[in-house]
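Novice:
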Amino acid sequence: MAPESVRGSVASCSAHPSPRPAQIVNPRVRPSLPEHRRQKIGRSHGRRDRRCVAVSAVAAKPAEKGKRKKGKKGEEGEAEEGISPDVARELYYDMYLGREFEEMCAQMYYRGKMFGFVHLYSGQEAVSSGAIRLLRPDDYVCSTYRDHVHALSKGVPAREVMAELFGKQTGVCRGQGGSMHMFSRKHNFLGGFAFIGEGIPVGLGAAFQTKYRREALQDESADQVTLSFFGDGTCNNGQFYECLNMAGLYKLPHIFVVENNKWAIGMYHNRATGPSFGDTVPNIYKKGEPFGMPGIHVDGMDIVKVREAVSKAVARARAGDGPTLIECETYRFRGHSLADPDELRTQEEKERYAKRDPIPAFRKYVLDNKILTEADLKDIEKQVVECVEDSVQFAEASPKPEKGQLLENVFADPRGFGTAPDGGYRYEQAGFTSGTAQVS
Ligand SMILES: Cc1ncc(C[n+]2csc(CCOP(=O)(O)OP(=O)(O)O)c2C)c(N)n1
Ligand SMILES: [Mg+2]
Numbered sequence: 079m080a081p082e083s084v085r086g087s088v089a090s091c092s093a094h095p096s097p098r099p100a101q102i103v104n105p106r107v108r109p110s111l112p113e114h115r116r117q118k119i120g121r122s123h124g125r126r127d128r129r130c131v132a133v134s135a136v137a138a139k140p141a142e143k144g145k146r147k148k149g150k151k152g153e154e155g156e157a158e159e160g161i162s163p164d165v166a167r168e169l170y171y172d173m174y175l176g177r178e179f180e181e182m183c184a185q186m187y188y189r190g191k192m193f194g195f196v197h198l199y200s201g202q203e204a205v206s207s208g209a210i211r212l213l214r215p216d217d218y219v220c221s222t223y224r225d226h227v228h229a230l231s232k233g234v235p236a237r238e239v240m241a242e243l244f245g246k247q248t249g250v251c252r253g254q255g256g257s258m259h260m261f262s263r264k265h266n267f268l269g270g271f272a273f274i275g276e277g278i279p280v281g282l283g284a285a286f287q288t289k290y291r292r293e294a295l296q297d298e299s300a301d302q303v304t305l306s307f308f309g310d311g312t313c314n315n316g317q318f319y320e321c322l323n324m325a326g327l328y329k330l331p332h333i334f335v336v337e338n339n340k341w342a343i344g345m346y347h348n349r350a351t352g353p354s355f356g357d358t359v360p361n362i363y364k365k366g367e368p369f370g371m372p373g374i375h376v377d378g379m380d381i382v383k384v385r386e387a388v389s390k391a392v393a394r395a396r397a398g399d400g401p402t403l404i405e406c407e408t409y410r411f412r413g414h415s416l417a418d419p420d421e422l423r424t425q426e427e428k429e430r431y432a433k434r435d436p437i438p439a440f441r442k443y444v445l446d447n448k449i450l451t452e453a454d455l456k457d458i459e460k461q462v463v464e465c466v467e468d469s470v471q472f473a474e475a476s477p478k479p480e481k482g483q484l485l486e487n488v489f490a491d492p493r494g495f496g497t498a499p500d501g502g503y504r505y506e507q508a509g510f511t512s513g514t515a516q517v518s
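See the structure below:
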């Protein structure tokens, strides 16, 4: 758990002892999904909760040496009697944070505070919060270029994500990564990746090292699982199949989480992807079985269902039973990136999915089932707004990276830039990075 964990009463949520990863059942009473209703919340200026710098990655403690969880009632992967108020608070906070954070990113991008491409996650929050908030801090997550919200769910502080987007030294990658390259070793967050499919083998590698440590090095504490996220368009990339094969072959503790938002930039999924034999439309989840793993289809706009599916997959992976492929049907509420005018998707389609907005749906669920009150939810919303505003002010006030940082983390030895007339290395000269470096 991140030490500087926050959240006020939700903060207390992450400060609660979490004896187990919260479990879900299919609730007996399912509320009908509400009409899309974007909650208008007033911006509260001047009130900043300084604690709002981390959303700790939840959950259970790492397994004791030699013990593998095997899904007893109330344990990982097993259904219980619904969602507790603490878990509901945490999930609502996380989804709401994801949405508010991204909406703020849009504002800041259009004000010229961010550079390059910025891909927002709005609409897909039930997948990130439903899957990642189940994990232990020592589990791994591998993301895509749509990575801000995954990072937040994994516990990277909002301040550090926003500062990274601003290209500031206090960013999670010290301002050197930017939107598509969030990475945090501390949070076992393996990165965002600009190339589609590029992250899957990285996630797979993490799962392989866990298995290797456990079986070859006999380290019985090695029971971490890895979740790799990627989109529907990415499923037509060869790396996906190579990784399915290796994960199935070695029974790796790896969960493939497909965020099927139906579009790959401007390409409609059903136009680009062939159906399985006997089907008329593509079903990505069916690609699991030929590689020796269960393939699950889940409503990715329903956080309860996502958690239930991922919980079972996590229990399976932790128990040594291997990988799972989970296809979450979801939708992005904005264009592919903030540079995309989003003219290819029909208004009818956008409105249909807007009605299934996962945030009001979960809000209604917790109210209908009397898990939380309206006042609880409003309190969470207020805290989130303050947290996001705080992250912007923090990013704004942070220093830019030093120019010398340009030569860090590069493969080439900076001494390869040659010697200067005074015998020193050019890269050591004042102003070396301020113009075009002349290599002698
Ligand atoms: C290897 C590679 N090929 C092509 C691209 C260009 N590209 C960027 S995003 C994208 C679509 C990906 O769609 P999907 O996997 O469905 O993810 P989504 O954006 O919907 O989350 C493509 C083809 C790329 N980034 N990397
Ligand atoms: Mg897609």
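Okay, so the sequence shown: first residue is 79 according to my numbering, each after it adds one.
From the three backbone atoms N, C-alpha and C, an ideal C-beta is built for every residue, glycine too.
Using the Cα positions of Arg-410 and Asn-487, report the straight-line distance between them to the nearest angstrom.
Specialist: For the purposes of this step, residue 410 is taken as the residue at position 332 of the sequence shown. For the purposes of this step, residue 487 is taken as the residue at position 409 of the sequence shown. Their Cα atoms are separated by approximately 34 angstroms.
Novice: What is the rounded straight-line gap between the Cα of Val-280 and the Cα of Phe-261?
Specialist: Sequence index remark: in the sequence shown, residue 280 carries index 202 (1-based). Sequence index remark: in the sequence shown, residue 261 carries index 183 (1-based). Val-280 and Phe-261: Cα-Cα distance of roughly 12 angstroms.
Novice: Please specify which runs of the alpha helix (DSSP H), each continuous and at least 4 residues long, are wholly inside the region 336–397, giving them in chain order.
Specialist: 347–350, 381–396
Novice: Are the CB atoms of His-197 and Ser-389 within a distance shorter than 8 angstroms?
Specialist: Counting from 1 along the sequence shown, the entry for residue 389 is found at position 311. Counting from 1 along the sequence shown, the entry for residue 197 is found at position 119. Cβ atoms of Ser-389 and His-197: not closer than 8 angstroms.
Novice: Using three-state DSSP, classify Ser-221 as helix, strand or coil.
Specialist: Position 143 of the sequence shown, counting from 1, holds the residue named residue 221. Coil at Ser-221, not helix or strand.
Novice: If the criterion is Cβ atoms closer than 8 angstroms, does the pair Val-234 and Ser-206 meet it?
Specialist: The residue given as residue 234 occupies position 156 in the sequence shown. The residue given as residue 206 occupies position 128 in the sequence shown. Not in contact: Val-234 and Ser-206 (Cβ atoms no closer than 8 angstroms).
Novice: Express the C-alpha separation of Lys-481 and Gly-373 in angstroms, rounding to a whole number.
Specialist: Working through the sequence shown from its first residue, we reach residue 373 at position 295. Working through the sequence shown from its first residue, we reach residue 481 at position 403. When rounded, the distance between both Cα atoms is 48 angstroms.
Novice: Please find out if some non-hydrogen atom of ligand 2 comes closer than 7 angstroms to the beta-carbon of Asn-315.
Specialist: The residue you call residue 315 lines up with position 237 of the sequence shown. Distances taken from the Cβ of Asn-315 to the heavy atoms of ligand 2 include none shorter than 7 angstroms.
Novice: What residues match up with Tyr-503 in a beta bridge as DSSP calls it?
Specialist: Counting from 1 along the sequence shown, the entry for residue 503 is found at position 425. DSSP output for Tyr-503 lists Thr-497 as bridge partner(s).
Novice: Got a sec: does ligand 1 put a non-hydrogen atom nearer than 7 angstroms to the Cβ of Ala-209?
Specialist: To locate residue 209, count along the sequence shown from 1; it is residue 131. Not so, every heavy atom of ligand 1 lies at least 7 angstroms from the Cβ.
Novice: Could you tell me the alpha carbon to alpha carbon distance between Glu-506 and Phe-495, rounded to whole angstroms?
Specialist: In the sequence shown, counting from the first residue as 1, residue 506 sits at position 428. In the sequence shown, counting from the first residue as 1, residue 495 sits at position 417. Straight-line Cα distance between these residues: approximately 10 angstroms.
Novice: Classify Lys-478: buried if its beta carbon has 16 or more other beta carbons within 10 angstroms, exposed otherwise.
Specialist: Counted from its first residue, the sequence shown places residue 478 at position 400. With a threshold of 16 other beta carbon atoms within 10 Å, Lys-478 falls short and is exposed.
Novice: Quick one: what does DSSP say Ala-508 is sitting in, helix, strand or coil?
Specialist: The residue labelled residue 508 in the question sits at position 430 within the sequence shown. If DSSP states are grouped into helix, strand and coil, Ala-508 belongs with coil.
Novice: Looking at Ile-381 and Tyr-174, is the spacing between their C-beta atoms short of 8 angstroms?
Specialist: Position 96 of the sequence shown, counted from the first residue, corresponds to residue 174. Position 303 of the sequence shown, counted from the first residue, corresponds to residue 381. Going by C-beta atoms, Tyr-174 is not nearer than 8 angstroms to Ile-381.
Novice: Below 8 angstroms between beta carbons: does that hold for Asp-164 and Gln-302?
Specialist: Stepping through the sequence shown from its first residue, residue 164 is reached at position 86. Stepping through the sequence shown from its first residue, residue 302 is reached at position 224. Cβ distance not < 8 angstroms, so Asp-164 and Gln-302 don't count as in contact.
Novice: Taking the continuous beta strand (DSSP E) assigned at Phe-307, which residues delimit it?
Specialist: Translated into positions along the sequence shown, residue 307 becomes position 229. Per DSSP, Phe-307 belongs to the beta strand (DSSP E) from 304–309.
Novice: Ordered along the chain, which non-local residues of its own chain (more than five positions away) have a Cβ less than 6 angstroms from that of Pro-401?
Specialist: Position 323 of the sequence shown, counted from the start, is the residue given in the question as residue 401. Answer for Pro-401: Ala-325, Leu-330, His-332, Met-371, listed in chain order.
Novice: Leaving out five residues before and five after Thr-451 in sequence, what residues of the same chain have Cβ atoms less than 8 angstroms from its Cβ?
Specialist: Stepping through the sequence shown from its first residue, residue 451 is reached at position 373. Closer than 8 angstroms at Cβ, skipping near neighbours: Leu-445.
Novice: Between the C-alpha atoms of Gly-502 and Gln-247, what's the straight-line distance to the nearest angstrom?
Specialist: What you label residue 502 is simply residue 424 of the sequence shown in a count that begins at 1. What you label residue 247 is simply residue 169 of the sequence shown in a count that begins at 1. Rounded to the nearest angstrom, the two C-alpha atoms are 28 angstroms apart.
Novice: If I follow the unbroken beta strand (DSSP E) through Ile-449, where does it start and stop?
Specialist: Translated into positions along the sequence shown, residue 449 becomes position 371. Run containing Ile-449: none; DSSP gives neither H nor E here.
Novice: Within the same chain, show all residues whose beta-carbon is closer than 8 angstroms to that of Gly-352, passing over the 5 residues directly before and after it, in chain order.
Specialist: The residue you call residue 352 lines up with position 274 of the sequence shown. Excluding residues within five positions, the ones whose Cβ falls inside 8 angstroms are Pro-360.
Novice: Name the one or two DSSP bridge partners that His-332 has.
Specialist: The residue given as residue 332 occupies position 254 in the sequence shown. Thr-304.
Novice: Would you decide whether Ser-122 is buried or exposed? Buried here means 16 or more other CB atoms lie within 10 Å of its CB.
Specialist: Here residue 122 refers to the residue found at position 44 of the sequence shown. Residue confidence is low: Ser-122 scores 34 on pLDDT, short of 50, so the model does not pin down where it sits. No coordinate-derived value is stated.
Novice: So Glu-407 is in the beta strand (DSSP E); what residue range does that whole segment cover?
Specialist: One-based indexing of the sequence shown puts residue 407 at position 329. Start and end: 402–407.
Novice: Classify Arg-189 as buried or exposed, calling it buried when 16 or more other Cβ atoms lie within 10 Å of its own Cβ.
Specialist: Position 111 of the sequence shown holds residue 189. Arg-189 should be labelled exposed.
Novice: How is Phe-273 classed by DSSP in three states: helix, strand or coil?
Specialist: The residue labelled residue 273 in the question sits at position 195 within the sequence shown. Reduced to three states, the DSSP call for Phe-273 is coil.
Novice: Straight-line CA distance for Phe-355 to Leu-169?
Specialist: Translated into the one-based positions of the sequence shown, residue 355 becomes position 277. Translated into the one-based positions of the sequence shown, residue 169 becomes position 91. C-alpha separation (whole angstroms): 38 angstroms.
Novice: Using 8 angstroms as the threshold, is the C-beta distance between Ala-391 and Val-376 below it?
Specialist: Along the sequence shown, one-based indexing puts residue 391 at 313. Along the sequence shown, one-based indexing puts residue 376 at 298. Not in contact: Ala-391 and Val-376 (Cβ atoms no closer than 8 angstroms).
Novice: Distance check for Phe-179 and Val-462, CA to CA, integer angstroms please.
Specialist: Numbered from 1 along the sequence shown, position 384 holds the residue referred to as residue 462. Numbered from 1 along the sequence shown, position 101 holds the residue referred to as residue 179. Those two C-alpha atoms are separated by around 9 angstroms.
Novice: How about Val-270 and His-259: are their beta carbons less than 8 angstroms apart?
Specialist: Working through the sequence shown from its first residue, we reach residue 270 at position 192. Working through the sequence shown from its first residue, we reach residue 259 at position 181. The identity of residue 270 in the sequence shown is Gly, whereas the question assumes Val. In contact: Gly-270 and His-259 (Cβ atoms closer than 8 angstroms).
Novice: Please name the residue, chosen from Ala-241, Phe-369, Arg-167, that lies closest to Met-192 on a Cα-to-Cα basis.
Specialist: On the sequence shown, position 114 is the one that residue 192 refers to. Comparing C-alpha distances from Met-192 to each of Ala-241, Phe-369, Arg-167 shows the shortest one belongs to Ala-241.
Novice: Short check: CB of Ser-306 to CB of Phe-334, under 8 angstroms?
Specialist: The sequence position of residue 306 within the sequence shown is 228, counting from 1. The sequence position of residue 334 within the sequence shown is 256, counting from 1. The answer is yes: Cβ separation under 8 angstroms.
Novice: Is the distance from the Cβ of Gly-194 to the Cβ of Gly-255 below 8 angstroms?
Specialist: In the sequence shown, counting from the first residue as 1, residue 194 sits at position 116. In the sequence shown, counting from the first residue as 1, residue 255 sits at position 177. For Gly-194 and Gly-255, no; Cβs fall outside 8 angstroms.
Novice: Tell me whether Ala-204 counts as near ligand 2, meaning its Cβ is closer than 7 angstroms to at least one heavy atom of that ligand.
Specialist: Reading the sequence shown from its first residue, position 126 is the one you call residue 204. Incorrect: Ala-204 has no Cβ contact closer than 7 angstroms to ligand 2.
Novice: Would you mind stating whether Tyr-223 and Ala-184 have Cβ atoms separated by less than 8 angstroms?
Specialist: Here residue 223 refers to the residue found at position 145 when the sequence shown is read from its first residue. Here residue 184 refers to the residue found at position 106 when the sequence shown is read from its first residue. No, they are not a contact pair.
Novice: So Val-219 and Leu-268 are supposed to be a Cβ contact under 8 angstroms. How far apart are they, rounded?
Specialist: For this step, residue 219 is matched to residue 141 along the sequence shown. For this step, residue 268 is matched to residue 190 along the sequence shown. Contact holds; Cβ gap of about 7 angstroms.
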